[in-house]
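Asker:
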Amino acid sequence: MGERAIAAETRDLVKDFDGKRAVDGVSLTVPTGSITGILGPNGAGKTTCLRMMLGIIDPTSGSRTLLGHDRPLEVAREVGYLPEERGLYPAMPSAEAIAFMGALRGLPIGEGRRRALELLKERGHEDWAMRPIRTLSKGMAQTVQLLGTIIHRPRLIVLDEPFAGLDALNQEKLEQLIRDQAAAGVTVIFSTHVIAHAERLCERIAIIAEGRSVFEGAVDEARGKLRPIVHLRTRAEDGPWRSALPPAAKRVAGEWRFELPKSGPEPLLKALIDGGAGIETLSIERPGLHDAFIAIAGEAAARAMGHAPAEVEAA
Amino acid sequence: MKLPETIRAAFVIARRDFTATVLSKTFLLFLLGPLFPIGLGFIFGGIGAQVEKTAAPATVAVVSSPADFALLEAARDRFAPFGSDRPLVRLQRVEPEADAAAQRRRLLTSADRPVLGVLEGGLFAPHFTGAVTADGRTVRQINLFVEEAVRMRALPPIPSQPVEVTLTRTSSGSVAFARNITARAGQTILFVLTILLAGMLLSQLIEEKSNKVIEVLAAAVPVDSIFLGKLFAMLAMSLVGITVWTSAGAAAIAVYAKGGLAALPPPAVGWPAFLFFILLYFSMSYLLIGATFLGIGAQASTVREVQTLSMPVTMSQVILFGVASLGVGRPDSPAAIGAAIFPLSSPFAMVARAAEQEALWPHFLAFAWQVLWVALILKFAAAIFRRSVLKSGPAWRWPWQRRRAV
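Chains as they are written, first to last, in the working numbering: chain A, 1 to 315; chain B, 1001 to 1406.
#1: Going along the chain, which residues of the segment 98-117 of chain A sit with their C-beta nearer than 8 Å to a C-beta in chain B?
#2: Taking all protein chains shown into account, decide if A:A310 is buried (16 or more other Cβ within 10 angstroms of its Cβ) or exposed.
#3: Hey, how far is the Cα of B:Y1281 from the Cα of B:V1221?
#4: Quick one: residues in its chain with C-beta nearer than 6 Å to the C-beta of A:E9, no 5 flanking neighbours on either side, listed in chain order?
#5: Taking only the alpha-carbon atoms, compute the straight-line gap between B:R1076 and B:G1173 and give it to the nearest angstrom.
#6: Using a 10 Å radius around the Cβ and a threshold of 16 neighbouring Cβ atoms, would you call B:R1353 buried or exposed?
#7: Contact defined as beta carbons within less than 8 Å: I believe B:S1203 pairs with B:V1313. What is the distance between those atoms, to the nearest angstrom?
#8: Helix, strand or coil, according to DSSP, for B:F1232 in the structure here?
#9: Given this structure, state the Cα-to-Cα distance separating B:E1207 from B:V1306, to the nearest angstrom.
#10: Can you name the residues of chain A whose CB is closer than 7 Å to the CB of B:S1392?
#11: Within the same chain, show all residues whose beta-carbon is closer than 7 Å to that of A:E3, passing over the 5 residues directly before and after it, in chain order.
#12: What's the call for A:S137, buried or exposed, on a 16-neighbour Cβ count within 10 Å?
#13: With DSSP run on the structure shown, which of helix, strand or coil describes A:E78?
#14: Could you check what DSSP says for B:L1372 in three-state terms: helix, strand or coil?
#15: Measuring CA to CA, which of B:A1102, B:A1074, B:A1101, B:Q1103 is closest to B:L1091?
#16: Expressed to the nearest angstrom, what Euclidean distance is found between the alpha-carbon atoms of A:E313 and A:H290?
#17: Which chain A residues are close to B:N1211, counting only those with a beta carbon under 8 Å from its beta carbon?
#18: Give the residues of chain B in contact with A:P83, contact being defined as C-beta atoms less than 8 Å apart.
#19: For A:A76, is the classification buried or exposed, using 16 other Cβ atoms within 10 angstroms of its Cβ as the cut-off for buried?
#20: Taking Cβ-Cβ distances below 7 Å as the criterion, which residues of the segment 1012-1030 of chain B are in contact with chain A?
#21: Can you tell me whether A:L232 is helix, strand or coil according to DSSP?
#22: Let me confirm a value: A:P93 is counted as buried when at least 16 other C-beta atoms fall within 10 Å, else exposed. Which label applies?
#23: Please report whether the beta-carbon of A:A76 lies at a distance below 8 Å from any beta-carbon of chain B.
#24: With distances taken from CA atoms, which of A:L104, A:L166, A:R153, A:R200 is nearest A:L119?
#25: Would you list the one or two residues that DSSP bridges to A:S63?
#26: I'd like to check one pair, A:V26 with A:G45: are the Cβ atoms closer than 8 Å?
#27: For the beta strand (DSSP E) that B:H1127 lies in, which residues bound it at each end?
#28: Could you give the first and the last residue of the continuous alpha helix (DSSP H) run that contains B:P1347?
#29: With 16 as the cutoff for other CB atoms within 10 Å, does A:D274 come out buried or exposed?
#30: Following the continuous beta strand (DSSP E) through A:K250, name the residue where it begins and the one where it ends.
#31: Is the beta carbon of B:P1347 closer than 8 Å to that of B:L1275?
#32: How is A:T281 classed by DSSP in three states: helix, strand or coil?
#33: Spatial neighbours of A:R235 within its chain, please: CB distance less than 7 Å, with the 5 preceding and 5 following residues excluded, ordered by chain position.
#34: Cβ of B:A1009 less than 8 Å from any chain A Cβ?
#35: Can a CB atom of chain A be found closer than 8 Å to the CB of B:P1222?
#36: Between the alpha carbons of A:P246 and A:I56, how many angstroms are there, rounded?
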């Protein structure tokens, strides 16, 4: 990855709050034009990392660069940010709020007003334009703030828990917006504790747990941390074929589950057939990001995110 | 971040704050608020003056012979010009009766002819009885009348030539006196406006902190810009108010002081320059004190905390005003120079100087000095805000805490 291809980078970021370490040596690399998800349970340090990356707060130690600058506020005009705790002036009309957020990042206010109306119209929300924020629902206000995040056409968008508080329809719209932005060449970084969003959207993820970055790389690379899982049903209960199963194989609801041996599927199949297993069904399932997350971040982190697997629950 | 970008961002913040304030319904109340007491002052002041004019002056019953009373009346007439603001006590002769004590009691309790007191004993054994203060105004006046009446009785009238009077526009004494008044008036105006308006800056960041907008702002612009923008927005709003109030005040002056401002004592630098300096030093005072308040208020997270801070903050303003007023009338005294150098009292001291001394160069120097301090205070306030509220950078420690930490 060439230097120009990096939109954001952190190296060994550390942040202490009142003597307590909130972030402990997080290193991330976000390629230009990618969609990168930062995964981790609440309190893992995702928001603090993003705030340091954006220059809202300075790290206790470590370094960060944003669009090639080590002072992130210097490139604020090219960055859009949706904070976790949404913040809008309640008395401000929606279009004005969108234009104001653009103006903060260098967009002339007149142009901002024009684009705000355009963006609202594109989404069929032109009737919101003059409505004060306090008269909008939470989801509507969130949409307004999101439009304010992209109004100035930034090169990098940072979204902190963007799906929180949205209904399924609006989550889908937001996912589409993120895809559209990425298709237009914009780099998108978002934090989430919902793995499904990251799985659907991201090319790269970073997993943060207890202030530490425990994984950073492509989604496939995360999945590659786990062996594929074999699901097997046999007619025979016992027999020589059982020696072909790894010792960690578990029987769940009449089905054997185990990791595919490193030797691959062919020797396994041969041993099962030769051993008289009487194969009813056999499937090899590629592990999902969900399983990879559990394997990487640990069961405790998975539980904190509400993603404990069935096996774990059963245990 | 470069200065023009900081200023551009500050302008965006200031424009939002200014329009949000000025276009709100409560701003009308803000504008009208100070006019209510002024209006009531005029109404009740007028009524009070009318009552004072129409009310009969206090009366003293004089139990004496007609001759003695004539002398007392003549003496009173000689002192009458000195009682233009508050009339001298009126004298009313009463024929002496056989039972002086009974007559005295009757006079003091009479509802038909109420009197302050009773003077008896003629010019050589005068005795006053009444419900007054022993060394008060009434007793002092009665003493003067009796002394003068005795003198008039002993000496023949002396023919005197009235003093010929030539009027000049000013004299050194009159100019010094007038400038002193203008200096105090200027300081008072500055103080009242600052105390009325700068306190609002204490709560300026509460809105952003409570509705989480601060995160959006801090991610887009430097904290210095947020502080600078808020400060100038409130200054602009205050100047709108001052324009309205000054117009109302000028109208009142035109009505009550014929000749308008020209009828008031002239300042050393002249009226146009003085009015400019009032505006300039109000702005500087507002920026200096406001930046301090903004920094203090930014540490508060609730309205209750801001309210608790209001009293000590107001007291500190009163102290600053007191310090600056020490130098009025003595612009080259250490007190005046000290007040001009201390940044927060400097505008008060300099507006008094503009009223008392013609030199303009100290104002350029003071302006530069005050601008420097506004920048320093804002920078410091923003740094403290970043550290304590945004939790950015190492925590603030006092020197003794630093030693302990080492």
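Idealized CB from N, CA, C, for every residue including glycine.
Answerer: Answer, in terms of the structure:
#1: For the segment 98-117 of chain A, which is checked against every Cβ of chain B, the residues closer than 8 Å are F100, M101, A103, L104, R105, G106, I109.
#2: Here residue 310 of chain A is taken as the residue at index 310 of the first sequence, counted from 1. Below a pLDDT of 50, predicted positions are generally treated as unreliable, and A:A310, at 44, falls in that range; the measurement from the model is reported next regardless. Exposed, by the Cβ-count rule.
#3: Position 281 of the second sequence, counted from the first residue, corresponds to residue 1281 of chain B. Position 221 of the second sequence, counted from the first residue, corresponds to residue 1221 of chain B. Cα to Cα, the separation comes out at about 29 Å.
#4: Locating residue 9 of chain A in the first sequence gives position 9, counting from the first residue. The answer, listed in chain order, is T29, T65.
#5: Here residue 1076 of chain B is taken as the residue at index 76 of the second sequence, counted from 1. Here residue 1173 of chain B is taken as the residue at index 173 of the second sequence, counted from 1. The straight-line gap from Cα to Cα measures roughly 31 Å.
#6: Reading the second sequence from its first residue, position 353 is the one you call residue 1353 of chain B. So B:R1353 ends up on the buried side.
#7: The residue given as residue 1203 of chain B occupies position 203 in the second sequence. The residue given as residue 1313 of chain B occupies position 313 in the second sequence. About 11 Å separates the two Cβ atoms, so there is no contact after all.
#8: If you number the second sequence from 1, residue 1232 of chain B lands on position 232. Assignment of B:F1232 by DSSP, reduced to helix, strand and coil, places it in the helix class.
#9: Taking the second sequence and counting its residues from 1, the one referred to as residue 1207 of chain B is at position 207. Taking the second sequence and counting its residues from 1, the one referred to as residue 1306 of chain B is at position 306. About 12 Å.
#10: Mapped onto the second sequence, residue 1392 of chain B falls at position 392. I57, D58, listed in chain order.
#11: By 1-based counting over the first sequence, the position of residue 3 of chain A is 3. Its pLDDT being 45, under 50, A:E3 is placed unreliably by the model, and nothing is read from it.
#12: Working through the first sequence from its first residue, we reach residue 137 of chain A at position 137. Classification of A:S137: exposed, given that the 10 Å Cβ count is below 16.
#13: Taking the first residue of the first sequence as 1, we reach residue 78 of chain A at position 78. Per DSSP, reduced to three states, the secondary structure at A:E78 is helical.
#14: In the second sequence, residue 1372 of chain B corresponds to position 372, counting from 1. Reduced to three states, the DSSP call for B:L1372 is helix.
#15: Looking up residue 1091 of chain B in the second sequence gives position 91. Minimum Cα distance to B:L1091 is reached at B:A1074.
#16: Position 313 of the first sequence, counting from 1, holds the residue named residue 313 of chain A. Position 290 of the first sequence, counting from 1, holds the residue named residue 290 of chain A. Legend: pLDDT at A:E313 = 33, less than 50; position of this residue unreliable, no value from coordinates given.
#17: The sequence position of residue 1211 of chain B within the second sequence is 211, counting from 1. Those are G87, L88, Y89, P90, listed as they occur along chain A.
#18: Working through the first sequence from its first residue, we reach residue 83 of chain A at position 83. K1212, E1215, V1216, A1219, listed in chain order.
#19: Working through the first sequence from its first residue, we reach residue 76 of chain A at position 76. Per the 10 Å Cβ criterion, buried.
#20: The segment 1012-1030 of chain B vs chain A, Cβ under 7 Å: V1012, R1016, A1020.
#21: As a position in the first sequence, residue 232 of chain A is number 232, starting the count at 1. Correct three-state label for A:L232: strand.
#22: Numbered from its first residue, the first sequence carries residue 93 of chain A at position 93. Using a 10 angstroms sphere on the CB of A:P93, the tally of other CB atoms reaches 16 or more, which defines it as buried.
#23: The sequence position of residue 76 of chain A within the first sequence is 76, counting from 1. Residue-level contact check: A:A76 touches chain B, since one or more beta carbons of chain B fall below 8 Å from its beta carbon.
#24: Translated into positions along the first sequence, residue 119 of chain A becomes position 119. The candidate whose alpha carbon is nearest that of A:L119 is A:R153.
#25: Locating residue 63 of chain A in the first sequence gives position 63, counting from the first residue. A:S63 is bridged to A:R11.
#26: Counted from its first residue, the first sequence places residue 45 of chain A at position 45. Counted from its first residue, the first sequence places residue 26 of chain A at position 26. Taking 8 Å as the Cβ cut-off, A:G45 and A:V26 qualify as a contacting pair.
#27: For this step, residue 1127 of chain B is matched to residue 127 along the second sequence. Judged by DSSP secondary structure, B:H1127 falls within the beta strand (DSSP E) whose first and last residues are 1127-1130.
#28: Counting from one through the second sequence, the residue named residue 1347 of chain B turns up at place 347. Taken as a continuous stretch (DSSP letters only), the alpha helix (DSSP H) holding B:P1347 covers 1346-1356.
#29: Taking the first sequence and counting its residues from 1, the one referred to as residue 274 of chain A is at position 274. Exposed, since its Cβ has fewer than 16 Cβ neighbours within 10 Å.
#30: Taking the first residue of the first sequence as 1, we reach residue 250 of chain A at position 250. First-last of the beta strand (DSSP E) with A:K250: 250-252.
#31: Counted from its first residue, the second sequence places residue 1275 of chain B at position 275. Counted from its first residue, the second sequence places residue 1347 of chain B at position 347. Judged by beta-carbon spacing, B:P1347 lies beyond the 8 Å limit of B:L1275, meaning their Cβ atoms are not closer than that value.
#32: Counting from 1 along the first sequence, the entry for residue 281 of chain A is found at position 281. The three-state secondary structure of A:T281, taken from DSSP, is strand.
#33: Position 235 of the first sequence, counted from the first residue, corresponds to residue 235 of chain A. Short of 7 Å from the beta carbon of A:R235, and not among the five residues preceding or following it, lie these beta carbons of its own chain, in chain order: G278, E280.
#34: For this step, residue 1009 of chain B is matched to residue 9 along the second sequence. By this cut-off, B:A1009 is an interface position.
#35: The count along the second sequence starts at 1 and reaches residue 1222 of chain B at position 222. Any Cβ of chain A closer than 8 Å to the Cβ of B:P1222 would place that residue at the interface, and such an atom is present.
#36: To locate residue 246 of chain A, count along the first sequence from 1; it is residue 246. To locate residue 56 of chain A, count along the first sequence from 1; it is residue 56. Rounded to whole angstroms, the separation of the alpha carbons of A:I56 and A:P246 is 51 Å.
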